Amino acid sequence: MKRIRELKDQPLTPQLVLDLHRLVSQDTLDDPADAGRLRPPGKEVVVDDAYGTVFHVPPAAG
């Protein structure tokens with residue numbers, strides 16, 4: 003997290019968002035290749051609970 007503090011004054015660019023994603027998701031994802039990259043087209047993500055209540059459906063990738 004020290005690295006994140008070092009980046010706090012940088013302009014928020016798409017590349018910085020990807021770098022931050024890589025930093026915070028390192029060693030936490032099912033597929034390590036997903037760290038620091040955008041969701042590919044066709045990979046749908048829906049956030050719901052145990053009852054099936056959908057809380058978030060993101061826009062299509064791509």
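Numbering-wise (this note's numbering), the sequence shown opens with residue 3 and increments by one.
Even glycine gets a Cβ: it sits at the ideal position worked out from N, Cα and C.
Quantities reported herein were computed from a predicted structural model and do not represent experimental measurements.
> For the alpha helix (DSSP H) that contains Val56, what are its first and last residues?
Replying inline: In the sequence shown, residue 56 corresponds to position 54, counting from 1. Where Val56 is concerned, there is no enclosing alpha helix (DSSP H), although the beta strand (DSSP E) it sits in stretches over 56 to 58.
> Straight-line CA distance for Gln17 to Asp36?
Replying inline: Position 15 of the sequence shown, counted from the first residue, corresponds to residue 17. Position 34 of the sequence shown, counted from the first residue, corresponds to residue 36. Going by the C-alpha atoms only, they are around 15 Å apart.
>> Contact defined as beta carbons within less than 8 Å: I believe Leu22 pairs with Ile6. What is the distance between those atoms, to the nearest angstrom?
In response: Counting from 1 along the sequence shown, the entry for residue 22 is found at position 20. Counting from 1 along the sequence shown, the entry for residue 6 is found at position 4. Right, the Cβ-Cβ distance comes to about 7 Å (below 8 Å), so this counts as a contact.
> In angstroms, rounded to a whole number, what distance separates the CA positions of Lys45 and Pro34?
Replying inline: Taking the first residue of the sequence shown as 1, we reach residue 45 at position 43. Taking the first residue of the sequence shown as 1, we reach residue 34 at position 32. The straight-line gap from Cα to Cα measures roughly 16 Å.
>> Out of Gln12, Pro60, Leu9, which one is the CA nearest neighbour of Pro43?
In response: As a working mapping, residue 43 is identified with position 41 in the sequence shown. Nearest of Gln12, Pro60, Leu9 to Pro43, Cα basis: Pro60.
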